[in-house]
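Engineer: Sequences listed follow chains A and B, in order.
For the first sequence, our numbering assigns the number 8 to the initial residue and increments by one for each residue that follows.
For the second sequence, our numbering assigns the number 48 to the initial residue and increments by one for each residue that follows.
I'd like to ask you about the structure that follows.
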Amino acid sequence: MSEKIQKGVTRRRFIKTTGAAAAVAAGGLGFPAIVRSGPTVLNITEWGGKWSQVLKESVFPEFEKTHNCQIETDTAFPFAPKLMASPKNKPVYDVLHSNSNDQWKVAVAGYIEEKPDPAKIPNLKNLHPFATSDKIVGVAAFTSAIGLGYRTDKTDCKFESWKDLWDEKFAGIRGTYVITNGLGACLFMMAGQVFGQGFKDTEASLKAMEALKPVKQVDFTGTMEKQLFSGEIIVGVIHDSAIWRHVEKNAPLAFAVPKEGVLALEQVWSVTKGSQKKELAYAYLDYILSPKIQKIISEAMWYNPANKNVELEQKYKDHLFTTPEQVKQLVQVDWKWYNAQESTLAMAYNKIFQNQ
Amino acid sequence: MKAVNWGRIVFRGLNILLIAFLLLPIVIVILFAFNSAEFIVFPPEGFSLRWFDKFFTDPDFMGAFFLSLKLALITVVIATVIGTMAAMAIVRGRIPGARFLTAVFLSPLMLPAILTGLALFQFYVIIETGRTFWGLLVGHIVVTIPYVIRTSTTVLYNFDTSIEEAAQNLGAGPLAVFWYVTLPLIRPGVIAGSIFAFIVSFDQFPVSLFLVKPGQITFPIHLFNYLKYAFDPTVAAAATVTIAMSMSMVLLLEFTVGLQEYVKL
């Protein structure tokens with residue numbers, strides 16, 4: 008009898024235990040769903056480093072509080088391959104922030120809304136023309152100006168023309184980029200404009216690159232800054248932000264705006280077509296374009312704001328492009344066209360510099 | 048009068064030059080880390096510890112550093128176990144298609160790591176897990192296992208199996224033979240593979256680029272992001288701390304395990 012009871016108790020215990028375990032497992036599986044029912048998560052991309060720091064401290068908190076959401080930021084560039092590796096109807100990002108060349112790549116692939124709706128983003132009507140021109144998909148909330156940074160203590164040249172970069176006296180002590188860097192591509196196109204028939208005159212551009220040798224090539228602007236500071240180069244292709252953020256350190260550096268114009272290095276935001284949180288995404292874009300946030304980011308990063316109504320401190324106004332007349336100097340290149348030729352041009356470009 | 052051994056002198060001179068060539072960049076980085084200048088310049092302009100202070104007090108740097116360290120340590124344990132077991136199976140298992148399996152296991156070495164990262168990213172998208180710490184860990188394990196397998200199979204192929212047979216003849220079961228005979232003898236290969244696995248995981252960049260979860264980025268990616276907007280010696284300080292950590296680990300292994308013996312393959 009006691010054996011039967013013991014067996015019975017064991018079977019009941021087994022059933023109870025199994026049932027409890029199954030309930031816990033089901034609850035565990037369901038737990039993520041419970042967790043997910045919290046604030047909406049807006050998946051965006053942003054640059055890392057100081058940019059990310061400024062956004063986390065001064066930009067995200069107010070938006071997250073106002074919209075009861077959480078912003079999850081991917082700072083591991085490159086973003087375009089990740090976006091294009093995800094399904095169009097369930098993209099890995101809701102908002103893509105990148106430079107214009109990458110935005111055009113994903114736009115051509117059908118991942119982003121090419122022209123934002125002013126009805127959804129009211130601040131669109133307060134922007135400089137470059138922000139929503141036909142050279143832009145999405146909206147350019149900021150831009151840098153790509154010109155020539157130079158050492159004022161090592162040369163008297165004021166670099167009034169892009170052609171000054173090609174002056175023989177700067178051979179070997181001038182800097183540019185590899186073609187995969189957007190600034191390198193911009194110089195390439197500007198060379199076509201300055202020495203040829205226009206930005207798309209690739210033959211003239213390639214001849215100009217040949218004539219530019221010897222030149223120091225770098226991967227990204229941080230290295231160009233370092234080379235200018237250390238004196239390894241006297242002049243280099245660089246964006247204004249990288250020069251002006253050192254203005255208070257009394258560095259012997261200046262930024263030249265050649266007469267042919269400076270190239271726009273736009274910071275572009277777009278909403279992905281497949282985003283399930285479009286209203287929140289539009290609200291975020293509108294927030295980034297608001298005068299308050301434009302001022303915060305412009306002054307932290309020395310970027311030229313897109314919103315015409317931003318009132319910057321004087322030291323920023325002295326250097327950045329804020330008025331319509333200043334903004335007119337910004338030249339926007341055709342990244343859609345460039346992206347289509349990119350691999351051919353890159354091969355030809357690399358062939359020129361491979362033996363220097 | 049003793050004849051001058053010019054051959055020996057030249058040989059030693061060449062060795063010194065070679066070692067200097069390999070170590071000089073490390074010395075330069077360490078010099079930059081203690082430089083008081085705002086930028087990485089040479090020669091150094093003064094002595095300062097502020098870049099180390101900046102590194103250690105920056106929550107983003109510390110978060111990334113400890114994430115990479117945690118990832119590398121877990122990767123080493125798992126990759127070592129799986130890699131050693133796979134090596135045993137390949138060399139001793141007499142399984143059909145052993146050469147094919149070897150090629151499969153070593154294939155991450157032949158593929159650009161960025162493709163491995165992209166492929167895993169797409170896989171996680173398809174199975175809807177998204178990017179997680181565990182997904183990143185799997186990516187690191189995939190690219191580090193080949194190193195453990197490579198070094199472990201090398202020692203296993205050169206292994207004198209008669210020692211195992213002797214242990215079996217004396218009554219030891221398979222597990223006892225493995226634990227008391229095989230493992231101590233293949234330890235050089237396993238430890239060498241583990242060291243490689245740690246280095247590859249801690250320094251891993253292309254795989255991590257695709258697999259890091261937003262808000263949780265690894266040390267190499269954080270360094271890369273940092274350099275986009277700043278080129279001050281904080282990165283040199285970070286590199287110096289990493290070098291010091293690696294040297295400490297090697298010295299610790301030497302004093303505890305006697306590493307010098309185990310890295311002779």
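Ideal placement from N, C-alpha and C gives every residue a C-beta, glycine not left out.
Just so it is clear, the structure is predicted and the values come from calculations on it, not from any experiment.
At 9 Å on the CB atoms, spell out the chain B contacts of W251(A), in chain order.
Structural biologist: The contacting residues do not exist; W251(A) stays about 13 Å from chain B at best.
Engineer: Are there three or more Cβ pairs, one per stretch, closer than 8 Å when the region 74 to 86 of chain A is compared with the region 244 to 262 of chain B?
Structural biologist: As far as the Cβ criterion goes, the region 74 to 86 of chain A touches the region 244 to 262 of chain B, which means the pair count is three or higher.
Engineer: Using Cβ-Cβ distances below 7 Å, what residues of the region 267 to 296 of chain A are close to chain B?
Structural biologist: Correct list: empty, as no residue qualifies.
Engineer: Taking the C-alpha atoms as reference points, what is the distance between G189(A) and S105(A)?
Structural biologist: The alpha-carbon atoms of G189(A) and S105(A) are separated by roughly 11 Å.
Engineer: Which of helix, strand or coil does DSSP assign to A29(A)?
Structural biologist: Only weak support is given to the placement of A29(A): the predicted model assigns it a pLDDT of 49, under 50, and the question is left unresolved by the model.
Engineer: Residues of chain A with CB under 7 Å from K117(B), in chain order?
Structural biologist: The premise fails here: K117(B) is roughly 18 Å from chain A at the closest Cβ pair, so nothing lies under 7 Å.
Engineer: Tell me whether the beta-carbon of G110(B) lies closer than 8 Å to the beta-carbon of F257(B).
Structural biologist: No, the pair does not count as a contact, with Cβ atoms beyond the cut-off.
Engineer: Is it buried or exposed for N311(A), if we count other Cβ within 10 angstroms and need 16 for buried?
Structural biologist: Its Cβ being crowded by 16 or more others within 10 Å, N311(A) is buried.
Engineer: Mind checking R181(A): buried by the 16 CB within 10 Å criterion, or exposed?
Structural biologist: Classification of R181(A): buried, given that the 10 Å Cβ count is 16 or more.
Engineer: By how many angstroms is the C-alpha of K97(A) removed from the C-alpha of G144(B)?
Structural biologist: One C-alpha to the other measures close to 40 Å.
Engineer: For F152(B), tell me which candidate among A286(B), F79(B), S295(B) and G130(B) has the shortest Cα-Cα distance.
Structural biologist: Cα-wise, what sits closest to F152(B) is G130(B).
Engineer: For E79(A), go through chain B and note every residue whose CB falls closer than 8 Å to its CB, in chain order.
Structural biologist: Residues of chain B passing the Cβ test: P261 and G262.
Engineer: Please report how far the alpha carbon of Y276(B) lies from the alpha carbon of G229(A), in whole angstroms.
Structural biologist: If you take the alpha carbons of Y276(B) and G229(A), they lie about 6 Å apart.
Engineer: What separation, rounded to the nearest whole angstrom, lies between the Cα atoms of S364(A) and I300(A)?
Structural biologist: With chain A running from 8 to 363 in the structure shown, residue 364(A) is simply not present.
Engineer: Can you give me the Cβ contacts of F302(B) inside the same chain, cut-off strictly under 8 Å, excluding the 5 residues immediately before and after it?
Structural biologist: Same-chain partners within the cutoff: there are none.
Engineer: Report buried or exposed for I196(B), applying the criterion of at least 16 other Cβ atoms within 10 angstroms of its Cβ.
Structural biologist: Burial call: buried.
Engineer: Does DSSP put G154(A) in a helix, a strand or coil?
Structural biologist: Looking at G154(A) - three-state DSSP - the assignment turns out to be strand.
Engineer: Measuring straight from C-alpha to C-alpha, what distance separates A192(A) and I186(A)?
Structural biologist: So the two alpha carbons sit approximately 5 Å from each other.
Engineer: Please report the distance separating the alpha-carbon of G54(B) from that of A215(A).
Structural biologist: Each residue's alpha carbon lies about 52 Å from the other.
Engineer: Can you tell me the Cα-Cα spacing of D105(B) and V146(A), whole angstroms?
Structural biologist: Roughly 33 Å between the two C-alpha positions.
Engineer: Within its chain, find whatever has a CB closer than 6 Å to the CB of T162(A); leave out the 5 residues flanking it on each side and keep chain order.
Structural biologist: The residues are I241.
Engineer: Going by DSSP, which residues form a beta bridge with W309(A)?
Structural biologist: According to DSSP, which records beta bridges pairwise, W309(A) is partnered with nothing at all.
Engineer: For a contact defined as C-beta to C-beta under 7 Å, what are the partners of W309(A) on chain B?
Structural biologist: Ordered by position in chain B, no residue passes the 7 Å Cβ test against W309(A), which lies about 10 Å from the chain.
Engineer: Where do the N-terminal and C-terminal ends of the alpha helix (DSSP H) with N272(B) fall, by residue?
Structural biologist: That run of the alpha helix (DSSP H) goes F266 to Y276.
Engineer: What does a CB cutoff of less than 6 Å around V287(B) pick up in its chain, not counting 5 residues either side in sequence?
Structural biologist: Here the sequence assigns Thr to residue 287(B), which means Val is not the residue at that position. Around T287(B): I77 and A80.
Engineer: Tell me the DSSP secondary structure of Q251(B) in three-state form.
Structural biologist: Here Q251(B) sits in coil by DSSP.
Engineer: So with CB distances below 8 Å, who are the chain A contacts of A277(B)?
Structural biologist: The contacting residues are G56, K57 and G229.
Engineer: Considering only C-alpha positions, which residue in the set V278(A), G243(A), M231(A) and A178(A) is nearest to K127(A)?
Structural biologist: Answer by Cα proximity: V278(A).
Engineer: Would you check if there are 3 or more beta carbon pairs closer than 8 Å linking the region 63 to 73 of chain A to the region 126 to 140 of chain B?
Structural biologist: Taking 8 Å as the limit for Cβ pairs, the verdict is that the region 126 to 140 of chain B does not touch the region 63 to 73 of chain A.
Engineer: So is V274(B) in contact with chain A if we call contact Cβ pairs under 8 Å?
Structural biologist: It should be noted that the sequence gives Leu, not Val, for residue 274(B). Yes, contact with chain A.
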